[in-house]
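K.L.:
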Amino acid sequence: MTDPSSPDGPDPDAPGPPAWHELADGQSVTAQVIGRIYRPGPGGGWWYQLRLPIWAEVQLPDRITVEPDSIVMRVPARLVNPIEGIDYSVVPTRREQPPGSSAAAPAGRWCVQHLPAPAGGPGRRVIHHESCWVPTGNADLTLDQALRELARPGSEACTACEARHLPRF
Ligand SMILES: [Zn+2]
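Each step along the sequence shown adds one to the number in full-length UniProt numbering, with nothing skipped, and position 74 is 74.
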């Protein structure tokens, strides 16, 4: 089992699934999602670590040219939107722990509610916190497992409990 508070950060070289990202000037581009980070404190909450492809100028002995390169940045979750059908369950998740602080994502366990599929449609899966009033059976998932379940296509967060504060993918 992976501890979401593990100090292991996202590997900046590992490929990540694409998502829409809103640039500072309002353009929407696709970027690779390479990490999901819970940051406690003011301005915190869920952030994403993204890799954006760019060109890098290269001076060769006989000419000047460009090569593919990338920049890595962290942005709040509101600047990132999932692409339908993409599986984000592989994105590594971690929590930042500032010294002397115990602030963290909601404590407790989580569960998945399976809803019957409409005729010809895919089934739906709803993620709940253990404190939810919706009867959901055994809540036995860790936060990290709940995030992976939520990241799968066809999953959604309950809007009535702590699950609504989870990142959208
Ligand atoms: Zn719920």
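The beta carbon of each residue, even a glycine, is placed where N, CA and C say it ideally should be. Given the structure is predicted, the values throughout are model-derived calculations rather than measurements.
(1) Is it buried or exposed for residue 103, if we count other Cβ within 10 angstroms and need 16 for buried?
(2) Taking the alpha helix (DSSP H) that residue 149 belongs to, which residues open and close that run?
(3) Is the distance from the Cβ of residue 20 to the Cβ of residue 82 below 9 Å?
(4) Alpha carbon to alpha carbon, what distance is there between residue 91 and residue 38?
(5) Comparing the CB of residue 129 with every heavy atom of ligand 1, is any distance shorter than 8 Å?
(6) Would residue 170 and residue 158 be called neighbours here (beta carbons separated by less than 9 Å)?
(7) Provide the residue span of the beta strand (DSSP E) that contains residue 65, from first to last.
(8) Rounded to the nearest angstrom, what separates residue 164 and residue 60 at their Cα positions?
(9) Considering only residues of the same chain and omitting the five flanking positions on each side of residue 161, which have a CB-CB separation below 7 Å?
P.N.:
Considering the structure as presented:
(1) Unreliable positioning characterises residue 103 in this predicted model, as indicated by a pLDDT of 44, which lies under 50. A coordinate reading is not provided.
(2) Its alpha helix (DSSP H) spans residues 143-150.
(3) yes
(4) 13 Å
(5) yes
(6) This structure cannot settle anything about residue 170, because the visible part of the chain is limited to 1 through 169.
(7) 64-76
(8) 52 Å
(9) 128, 129, 131, 132
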